[in-house]
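Notes follow the structure.
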Amino acid sequence: MTHYTPIETNWDYQATLDRRHKYMSPSLGTFTAYQKPIVLKKAGMQYVWDEKGKKYLDCLAQNLCISVGHNHPLVNSEAKKQMDDMVHCTTMYYQAVPAHFAEELTATLPPLPNGDEWVAHFVNSGAEANDLAMIIARLYTGNYDILSLRNSFHGLHFGAMSLTGIETCRHNVPSSPGIIHVHNPDQYRGVYGESKDGTIVEPYINEIDVTIRSSTPGKIAGFIVEPVQGFGGVIPMPDGYMKGAFERVRSAGGVCIVDEVQTGFGRTGTHMWGFEIHDVLPDIVVMAKGIGNGYPMAAVLSRRSVTEPFAEKKFFNTYGSNPLGCAAGRAVLHAIKEDKMMENAKVMGDLLEERMRAIMQKHDIIGNFRGRGLMRGIEFVKDHNTKKPAADEAMRVAEMAKDNGLIMGRGGVHGNILRINPPICPTSEDMEFVAQMIEEGCSKL
Ligand code: PMP
6 MTHYTPIETN WDYQATLDRR HKYMSPSLGT FTAYQKPIVL KKAGMQYVWD
56 EKGKKYLDCL AQNLCISVGH NHPLVNSEAK KQMDDMVHCT TMYYQAVPAH
106 FAEELTATLP PLPNGDEWVA HFVNSGAEAN DLAMIIARLY TGNYDILSLR
156 NSFHGLHFGA MSLTGIETCR HNVPSSPGII HVHNPDQYRG VYGESKDGTI
206 VEPYINEIDV TIRSSTPGKI AGFIVEPVQG FGGVIPMPDG YMKGAFERVR
256 SAGGVCIVDE VQTGFGRTGT HMWGFEIHDV LPDIVVMAKG IGNGYPMAAV
306 LSRRSVTEPF AEKKFFNTYG SNPLGCAAGR AVLHAIKEDK MMENAKVMGD
356 LLEERMRAIM QKHDIIGNFR GRGLMRGIEF VKDHNTKKPA ADEAMRVAEM
406 AKDNGLIMGR GGVHGNILRI NPPICPTSED MEFVAQMIEE GCSKL
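Heads up, the sequence shown is in my numbering, so the first residue is 6 and it goes up one at a time.
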């Protein structure tokens, strides 16, 4: 290797910002929009360090891609071993690692009735996976229309962007026809009012029926749902909604697609998959982000029966079933199980909830705290009655927290929701630190 000139990296703060602005497209937004952005250099489990060595608790988990912890030792050692053996092998060849991963991943889903079984398609990103799920649904049902929820985020490719129900994510280009958005059952600021105990459900289910009868030929290809809407502002589906919605969708000939890109891999604390909380069995499950703990990977798992028409023509995805990503994915499943991480997500999520309930008593600026396990949202409002979004205040709290060593996500259509989604390995001290930062931030507003 001595004949290669060394590849130099300049870590200077200003040089990094300037280089990015000059050579990377301005469309690649820095979402949280800190006044003074961070340059990240190193990471370990739930923490990241900037270029000067300052430590942060990463409660964004780099957009929930880091499931079991940055540079998790098992994930990295399995990936390194695989890298030394073979970095890439096309899907068209047989390779043991993707085959094992498919077996292990399908085994995490509940068994299917009538001898049916789960099969995996590997792709690279969540958006790609959702595009694929739409194709599978349309081919299987022979129908075209797909219902999606307002406020949903499913990615930014052609099909996925059309599914996404958030204006700021919709570019001014033609989108896929045959996608209809229905109201999301938001129990805090939904169209049918607020319910503190999450019981406004029927009107949202009925709306599915009405939409099928008014906006489709009466038959649909499917319905897609995030068990907890993520980027849209951490909005959990209330009890009974998914069950009722699935019944209506199936009676119109559609299949049910669950987007587990954020809710999967134990994040909600009680179940490996968000849909399991709702006692439903989907036809197609979409996974990405946490699947590879930062290695680019995604998957569409579907019932074999549902996939059959799709198998009549070719499907090829260059990096799908890349053995490096699959080796990382296998290690993620191992780590969740052996480190009891799902259980940790539950305990830590409960701790945070307890602290937040107390903080809310003192600070009216917080209108709502919600979510499950380690997928939590804090909604900032100017007034509890009008619920006028307090986006600037949320941002100021996020900026103060960042200066003190805590990274949070930001979301919701009004940008007034701070998201707490760390890798699922934090400690009780970490949760206490989050609570303190929120409390301090609210006090200083
Ligand atoms: N689905 C959900 C629920 C997501 O949160 C995201 C990404 N934020 C996607 C799909 C798209 O994933 P990707 O960015 O890998 O395309």
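Glycine is no exception: its CB is placed at the ideal position from the N, C-alpha and C atoms.
When burial is assigned at 16 or more other CB atoms within 10 Å of the CB, is residue i buried or exposed?
i: aspartate 288; result: buried
i: leucine 338; result: buried
i: glutamate 108; result: exposed
i: glutamate 133; result: buried
i: isoleucine 12; result: exposed
i: histidine 8; result: exposed
i: histidine 159; result: buried
i: lysine 85; result: exposed
i: phenylalanine 321; result: exposed
i: tyrosine 209; result: buried
i: arginine 375; result: buried
i: threonine 169; result: buried
i: methionine 5; result: The requested residue 5 does not occur in the structure, where the chain is confined to residues 6 to 450.
i: proline 222; result: exposed
i: proline 241; result: buried
i: valine 187; result: buried
Under 7 Å between the Cβ atoms of residue i and residue j?
i: lysine 4; j: tryptophan 54; result: Here the chain covers residues 6 to 450 and nothing more, so residue 4 does not appear.
i: alanine 396; j: glycine 378; result: no
i: phenylalanine 385; j: glutamate 404; result: no
i: valine 290; j: glutamate 252; result: no
i: glycine 34; j: glycine 238; result: no
i: tyrosine 145; j: valine 311; result: yes
i: methionine 139; j: isoleucine 151; result: yes
i: asparagine 15; j: tyrosine 324; result: no
i: phenylalanine 315; j: cysteine 261; result: no
i: lysine 342; j: threonine 275; result: no
i: alanine 336; j: valine 80; result: yes
i: tyrosine 300; j: glycine 269; result: no
i: asparagine 189; j: arginine 218; result: no
i: methionine 442; j: leucine 411; result: yes
i: arginine 309; j: glutamate 122; result: yes
i: glycine 372; j: lysine 392; result: yes
i: asparagine 349; j: valine 73; result: no
i: proline 328; j: cysteine 94; result: yes
i: serine 469; j: phenylalanine 163; result: In this structure the chain extends from 6 to 450, so residue 469 is not present and cannot be described.
i: serine 200; j: glutamine 192; result: yes
i: glutamine 234; j: serine 157; result: yes
i: alanine 20; j: glycine 131; result: no
i: glycine 259; j: isoleucine 225; result: yes
i: isoleucine 370; j: cysteine 447; result: yes
On the DSSP letters alone, give me the boundaries of the beta strand (DSSP E) that residue i sits inside.
i: methionine 292; result: 289–292
i: glutamate 56; result: Per DSSP, glutamate 56 belongs to no beta strand (DSSP E) and is neither H nor E.
i: histidine 1; result: Not covered by the structure: residue 1. The range shown for the chain is 6 to 450.
i: leucine 168; result: Unbroken run through leucine 168 is the alpha helix (DSSP H), 163–168; no beta strand (DSSP E).
i: valine 380; result: Note that residue 380 is methionine in the sequence shown, not valine. Methionine 380 -> beta strand (DSSP E) spans 380–385.
i: glycine 274; result: Run containing glycine 274: none; DSSP gives neither H nor E here.
i: leucine 65; result: Counting along the chain, leucine 65 falls outside any beta strand (DSSP E), and DSSP gives it neither H nor E.
i: tryptophan 278; result: Run containing tryptophan 278: none; DSSP gives neither H nor E here.
i: alanine 125; result: 123–128
What span of residues does the alpha helix (DSSP H) with residue i cover, start to end?
i: phenylalanine 374; result: First-last for phenylalanine 374: 371–377, but that is the beta strand (DSSP E), not the alpha helix (DSSP H).
i: serine 256; result: 246–256
i: lysine 392; result: Element bounds for lysine 392: n/a, residue is neither H nor E.
i: methionine 413; result: Note, methionine 413: premise wrong, no alpha helix (DSSP H); not H, not E.
i: aspartate 264; result: Premise fails: aspartate 264 lies in the beta strand (DSSP E), 260–264, not in any alpha helix (DSSP H).
i: phenylalanine 438; result: 433–449
i: glycine 354; result: 346–367
i: alanine 48; result: First-last for alanine 48: 45–49, but that is the beta strand (DSSP E), not the alpha helix (DSSP H).
i: alanine 20; result: 18–28
i: isoleucine 140; result: 131–146
Between the options, which has its C-alpha nearest residue i's C-alpha?
i: methionine 247; options: Val386, His283 and Gln441; result: His283
i: glycine 271; options: Ile429, Ala112 and Ile262; result: Ile429
i: leucine 423; options: Thr432, Pro431, Met400 and Gln87; result: Met400
i: leucine 306; options: Arg194, Gly382, Ala20 and Leu110; result: Leu110
i: alanine 303; options: Gly334, Phe280, Val439 and Glu317; result: Gly334
i: arginine 143; options: Leu117, Gly183 and Ile43; result: Gly183
i: arginine 360; options: Glu444, Met346 and Gly295; result: Glu444
i: glycine 279; options: Ile240, Ser32 and Glu231; result: Glu231
i: phenylalanine 236; options: Val418, Ser448, Ile185 and Arg25; result: Val418
i: glycine 49; options: Tyr98, Pro118 and His77; result: His77
i: serine 433; options: Asp90, Met353, Val215 and Met91; result: Met353
i: cysteine 174; options: Leu161, Gln100 and Pro431; result: Leu161
i: lysine 367; options: Lys318, Glu56, Ala440 and Asn409; result: Ala440
Is the Cβ of residue i closer than 7 Å to any Cβ of chain B?
i: threonine 146; result: Structure shown: chain B not included; a single protein chain is present.
Output the residue ranges of the alpha helix (DSSP H) runs that lie fully inside the region 194–237 and measure 4 residues or longer, sorted by chain position. Runs of the alpha helix (DSSP H) inside the region 194–237: 207–220.
List, from N- to C-terminal side, the beta strand (DSSP E) runs of 3 residues or more that fit wholly inside the region 283–337. Listed in chain order, the complete beta strand (DSSP E) runs (minimum 3 residues) inside the region 283–337 are 289–292 and 303–308.
Runs of beta strand (DSSP E) lying entirely within the region 77–101, each at least 3 residues, in chain order: Counting only runs of 3 or more, we get nothing.
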